[in-house]
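Read in order, the letters of the sequence shown correspond to residues 1 to 136 in this note's numbering. The beta-carbon is built from N, C-alpha and C at its ideal position, and this holds for glycine as well. Fair warning: this is a prediction, and the values are worked out from it, not measured in the lab. Please read the structure below before turning to the comments.
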Amino acid sequence: MNLNEGSTLAMALNAALRGNTGAIAELSAAGNSQIVAAADELPGPLVLTGEAVAAVLQGLVERKLDPADCQAWASFVRWGSVPTAAGGITESLDIDYELARDEQIADAVSRLDELGDVIDGEISDDEAFELIHSLR
């Protein structure tokens, strides 16, 4: 199926997997069954690439992306679920990491998911550049 023919939610899910942090708000507004159906519309497994993670880190370094949005995105691609408007969380989707960069993706996503934490809640530009370099 061509994504242009798919649902808006499937396009948002695909955008999130490509590093679009803004897509998380649309996913959070949907119900669990809608997100699962959107995932079923996409061809093949859900895969996060190193390039997508690098793009989020680059946006963070350039101050084009809000750290809270980056954290929410990282939490989604790490755990496969998003908080819902009703206060719960959606059922977890299986999101695979690009095999060639699995470890680097996991490290970078983990750091992004810590944004805002009291202890490890910041990523310096130097650390971000190191993570970006490891992902490319």
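- Two segments are said to touch when three or more pairs of C-beta atoms, one from each, lie closer than 8 Å; by this definition the segment 11–22 touches the segment 41–60.
- If you look at valine 36, you'll find it isn't in any beta strand (DSSP E); it sits in the alpha helix (DSSP H) that goes 32–41.
- The closest CA to that of proline 43, considering only Asp113, Val109, Ser110 and Ala10, is found on Ala10.
- Between leucine 46 and phenylalanine 129, the alpha-carbon positions lie close to 26 Å from each other.
- Rounded to whole angstroms, the separation of the alpha carbons of glutamate 114 and serine 75 is 9 Å.
- Restricting attention to beta strand (DSSP E) runs no shorter than 3 residues, the segment 56–130 encloses them at 95–97, ordered along the chain.
- In the DSSP assignment, the residues bridged to valine 47 are Asp96.
- Residue nearest to glutamate 98 within the set Ala86, Pro83 and Val77 is Val77 (criterion: CA-CA distance).
- Residue burial annotation: alanine 100 is exposed, with fewer than 16 other C-beta atoms found within 10 angstroms of its C-beta.
- Boundaries cannot be given for serine 7, as no alpha helix (DSSP H) includes it and DSSP labels it neither H nor E.
- Comparing alpha-carbon positions, the option among Ala37, Gly116 and Ala108 lying closest to serine 7 turns out to be Ala37.
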